[in-house]
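These notes are about the structure you will find just below.
Protein chains: 2
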Amino acid sequence: MYVYNYANVCIVLWGRIMKKSPTIKDIARKAGVNISTVSRALADHPHISEDKKKQIRKLAADLNYHRNDLAKSLRVKKTHVIGLIIPDIQNPFYPSITRIIEDQAQERGYNILLCHSDFDPQKENNYLSVLLSRQIDGLIIFPTLKIFRNNKRGIVAGKKIPTVFLDTAPLPGIEGNYVFTDNKHGSYLAVKYLLENGHKSIVLFTSEKGLLSSLEQMEEGYIQAFREAGIRVQNKCIFRGELEEKKGLERSVKKLLNKKKSINYSAIICNSDVVARVIYEQAALMDINIPDSLSVVGYDNTFLCSYLDPPLTSVHQPGDALGHQAINILISQIQSEIPWQYRTVSFTPELVVRNSVKQNV
Amino acid sequence: MYVYNYANVCIVLWGRIMKKSPTIKDIARKAGVNISTVSRALADHPHISEDKKKQIRKLAADLNYHRNDLAKSLRVKKTHVIGLIIPDIQNPFYPSITRIIEDQAQERGYNILLCHSDFDPQKENNYLSVLLSRQIDGLIIFPTLKIFRNNKRGIVAGKKIPTVFLDTAPLPGIEGNYVFTDNKHGSYLAVKYLLENGHKSIVLFTSEKGLLSSLEQMEEGYIQAFREAGIRVQNKCIFRGELEEKKGLERSVKKLLNKKKSINYSAIICNSDVVARVIYEQAALMDINIPDSLSVVGYDNTFLCSYLDPPLTSVHQPGDALGHQAINILISQIQSEIPWQYRTVSFTPELVVRNSVKQNV
DNA sequence: GTGAAAGCGCTAACAC
DNA sequence: GTGTTAGCGCTTTCAC
């Protein structure tokens, strides 16, 4: 590719003459004023005469001028870009959160860099590194727990970028804003409901230990509900599957359903509606009837619930509210001119009963 | 906010001493070399001795150095950022496309700025302007048709940013890459299938004239199918609803269903599965049975289809393939060192038959 | 193999 | 009210 600079106006590219993007310098030359005057006029600075402002704005429009935000950001040390790291936009829990975050951000002059982590600490770390290089003003993340262990004095902590941790209970010693659902209570509700309906052997579908705060919390709630009922929890009823990718999830679900012969559980509590969906699919293939021979409780209460057959009983997480809080808190911190007091917002989940649990076993 | 620069190492902020992000200058000073040496070492330039490289890399890691990409981008005139403008991530057609685009981009060193247009030309324009200011290297957009009329010599065209137009048949005189489904054929298939099943009065649910290329195409296919069958199309069978926002869509659907008494149509062809879903919802409220008193054909063949009751017959659009093509073409153009030959890729849709159409009327 | 220096486009402190 | 100028952090050309 051959590029020649020609009088600061054109570039000869591939033999064709193309316009170089105009800069304030070009506008200044045409208007016969200094570049700082242009800069001020376009920023609607008070001490510039209205005439000049009008003239300069017209010139800018005529030239199809667009400010180079890179230069501005480099200078003022603010990018108005927010990094958003979610597990996977294809999980129906995330689109509404993403949409709300983007809408609010846009309204307040920020843009969103979208990243998918798949709950994979390594992907998460890579993105974090990229986002820091890009000088994001703030970060919203559904973090794995490893991020805290690996990066305590590392990426997030070291750079002190305003951060909202979503779906994570506060971690001792880690400063940051936390917005989450009380997942301990969520699983507690699910277990309690199942126990009340006579279920005894209830599996909790979760992941490898120490992956996600929300899952650790769910385990606690699960255990607590049993304890309150005076029932001992068997270790094998906590099932650790692979959540990271679709194939892995299917494999795990198959494995779990095969175990039904040995451990005769009657119900599964999932950590998301997506897991429940896979259970429905695999159960159908194995001729296991839901809810007659297997009860299922989902998590998130996404619109999948009403479309599944039978409709899925699920623990409602207020996705919209989580997104709202996250973006508002983040922008507040970014724009705060006084020392920031970190916020923790938690929501209480509710059980939404549909028809995937067998009554009065 | 009071900020003091102190020896280029620390900043006193809100009374606390905070580390300023280290720059290559800091590394250079510590290593006792010139900043250009550091720059070269970190870029793995060939003419730097291995010893120095090692030393400098270690120093960078120790300082938790992250290159300032703003400065780099400003200098090299490449941001490695791609703008993605989609209507709404909450429509289940878009998450998989988005995911694929982001994945491929990330793999090749690009990041995605996510924008929601809601098919609103004004929002679209605003985002375009923002993205240009941000100096994106490329753009993927589901455009409204107005963009072409308003910006022929304007935003997109004027700046010559590599662009992939998604879901739009090529527009005469507008250069760019086009990736789309042959929606003319899609609606043709739907009408043909309905006619074969004895339906006579078939409504096409579309939007205001001239909003989207895909909808204009659908109209053509719709008309063609009738013409081939020797049936005259009545104007009132092309229904123009509001797609932009949820409330508007519901209102339009209600209006259309109310018309069933006057125009006794037996089937509706939707321009998306989401529209079909709203029809299902409203029909249920109005005690209209699907498919007995109303047949519905969806569009996109998203996973909604199998979850709706009865399962929705829908025209399949290969979302994944669209996303794949779009991002690959875009990055190819961005990285091309020779004059770019614009590409047009179209996919042929298929009708996926389920149970939402009454047979042999 | 390494250093010196220019400059990307912009803002803002300082001058008048 | 407007001009001059330094400098954000980086890459890259040109010396040596």
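Each protein sequence line maps, in turn, to chains A and B.
Sequential numbering from 1 applies to the first sequence in this note's numbering.
Sequential numbering from 1001 applies to the second sequence in this note's numbering.
Where a beta carbon is used, it is the ideal one built from N, C-alpha and C, also for glycine.
The structure presented is a predicted model; accordingly, all values stated were derived computationally and were not measured.
Helix, strand or coil, according to DSSP, for A:A169 in the structure here?
Judged by DSSP in its simplified three-state form, A:A169 adopts coil rather than helix or strand.
Return the CA-CA distance between A:S346 and A:D182, expressed in angstroms with no decimal places.
Rounded to the nearest whole angstrom, the CA to CA distance from A:S346 to A:D182 is 6 Å.
Return yes when the Cβ of A:D273 is within less than 8 Å of the Cβ of A:G298, no when it is not.
Against a cut-off of 8 Å, the Cβ pair of A:D273 and A:G298 comes out as a contact.
Check whether the Cβ atoms of A:V361 and A:S266 lie closer than 8 Å to each other.
A contact, by the Cβ cut-off of 8 Å.
Would A:I140 and A:V164 qualify as a contact pair, given that the criterion is a beta-carbon distance under 8 Å?
A:V164 sits close to A:I140, with the two beta carbons spaced by under 8 Å.
Tell me where the beta strand (DSSP E) around B:A1267 begins and ends.
Its beta strand (DSSP E) spans residues A1267 to I1269.
Report the three-state DSSP secondary structure of B:G1298 (helix, strand or coil).
Strand.
Flag this pair as yes or no: are the beta carbons of A:G408 and A:I161 separated by less than 8 Å?
Residue 408 of chain A falls outside the range modelled here, since chain A spans only 1 to 361, and no answer is possible.
Any beta-carbon of chain B closer than 8 Å to the one on A:E245?
False, the Cβ-Cβ gap to chain B never drops below 8 Å.
Would you call the segment 271 to 288 of chain A and the segment 305 to 318 of chain A touching, i.e. three or more CB-CB distances under 8 Å?
The segment 271 to 288 of chain A is in contact with the segment 305 to 318 of chain A.
Opening and closing residue of the beta strand (DSSP E) in which B:S1314 lies:
Boundaries of the beta strand (DSSP E) around B:S1314: T1313 to H1316.
What did DSSP end up calling B:G1154 once you bin it into helix, strand or coil?
Summary for B:G1154: the model assigns pLDDT 47, below 50, so the residue's position carries little reliability, and this model does not support an answer.
Do you know offhand how far B:K1358's Cα is from B:L1194's?
Rounded to the nearest whole angstrom, the C-alpha separation of B:K1358 and B:L1194 is 9 Å.
Please state the DSSP three-state secondary structure of B:S1332.
B:S1332: helix per DSSP, three-state reduction.
Alpha helix (DSSP H) containing A:G221: first to last residue?
Looking at the DSSP string, the run of the alpha helix (DSSP H) that includes A:G221 is S213 to E228.
I'd like the list of long-range same chain contacts for B:S1336, defined as Cβ closer than 6 Å, with 5 residues on each side in sequence excluded.
None.
Taking A:V130 as part of the alpha helix (DSSP H), name the residues at either end of that continuous run.
Counting along the chain, A:V130 sits inside the alpha helix (DSSP H) bounded by residues P121 to S133.
Pull up the DSSP beta-bridge partners for A:N111, would you.
DSSP lists A:V81 as the beta-bridge partner residues of A:N111.
Could you give the uninterrupted runs of the beta strand (DSSP E) lying entirely in the segment 1032 to 1081 of chain B, keeping only those of 3 residues or more?
Runs of the beta strand (DSSP E) inside the segment 1032 to 1081 of chain B: none found.
Using CA coordinates, which residue listed in A:H47, A:D44 and A:N64 is at the minimum distance from A:I27?
Here the closest residue by C-alpha is A:N64.
What is the DSSP secondary structure of A:N183, reduced to helix, strand or coil?
Here A:N183 sits in helix by DSSP.
Say whether the segment 86 to 102 of chain A touches the segment 112 to 128 of chain A, bearing in mind that this needs 3 or more beta-carbon pairs closer than 8 Å, one atom from each stretch.
Touching, yes, given that three or more Cβ pairs across the two stretches are closer than 8 Å.
Touch test, the segment 1284 to 1300 of chain B against the segment 1059 to 1075 of chain B, Cβ-Cβ under 8 Å, three pairs minimum:
Because the criterion of three Cβ pairs below 8 Å is not met, the segment 1284 to 1300 of chain B and the segment 1059 to 1075 of chain B do not touch.
Taking the CB atoms as reference points, tell me whether B:V1296 and B:I1327 lie closer together than 8 Å.
In this structure, B:I1327 does not lie closer than 8 Å to B:V1296 by Cβ.
A:V130: contacting residues in chain B (beta-carbon distance under 7 Å)
Neighbours of A:V130 in chain B, taken as residues at a C-beta separation under 7 Å, are given in chain order as N1111.
Can you find a C-beta in chain B that's less than 8 Å from the C-beta of A:H66?
Nearest CB-CB separation between A:H66 and chain B: below the 8 Å threshold.
8 Å Cβ cutoff, B:S1133 in contact with chain A
So, interface residue.
Status (buried if at least 16 other CB within 10 Å, exposed otherwise) for B:R1134
Buried.
Under 8 Å from the C-beta of A:S73: neighbouring residues of chain B
Contact annotation for A:S73 against chain B: L1070 [CB-CB distance below 8 Å, chain order].
A:G32 versus B:F1180: straight-line alpha-carbon distance, rounded:
Rounded to whole angstroms, A:G32 to B:F1180 spans 48 Å at the Cα level.
Go through its chain and collect everything with a Cβ distance to B:R1040's Cβ below 6 Å, but skip five positions before and after it.
In chain order, I1048 place their CB closer than 6 Å to the CB of B:R1040, counting only its own chain and leaving out the 5 sequence neighbours on each side.
Compute the beta-carbon to beta-carbon distance between B:I1082 and B:L1330, rounded to the nearest angstrom, for a pair I have assumed lies under 8 Å.
Between B:L1330 and B:I1082 the Cβ distance is about 7 Å, and since that is below 8 Å, they are a contact.
For A:Y178, write down the residues that DSSP places opposite it in a beta bridge.
Note: A:Y178 sits in a beta bridge opposite A:F165 and A:T344.
Leaving aside the five residues before and after B:K1152 along the sequence, list all residues of the same chain whose C-beta is less than 6 Å from its C-beta, in chain order.
Residue placement at B:K1152 is poorly supported in this model, since its pLDDT is 45, which falls under 50; the coordinates still yield a value, given next. Within the same chain, B:K1152 has no close Cβ partners at all.
Members of the segment 279 to 302 of chain A that neighbour chain B once the beta carbon cut-off is set at 8 Å:
Sequence-ordered contacts of the segment 279 to 302 of chain A with chain B are nonexistent [C-beta pairs closer than 8 Å].
Looking only at C-alpha atoms, which of B:E1244, B:L1294 and B:A1229 sits nearest to B:K1261?
Residue nearest to B:K1261 within the set B:E1244, B:L1294 and B:A1229 is B:L1294 (criterion: CA-CA distance).
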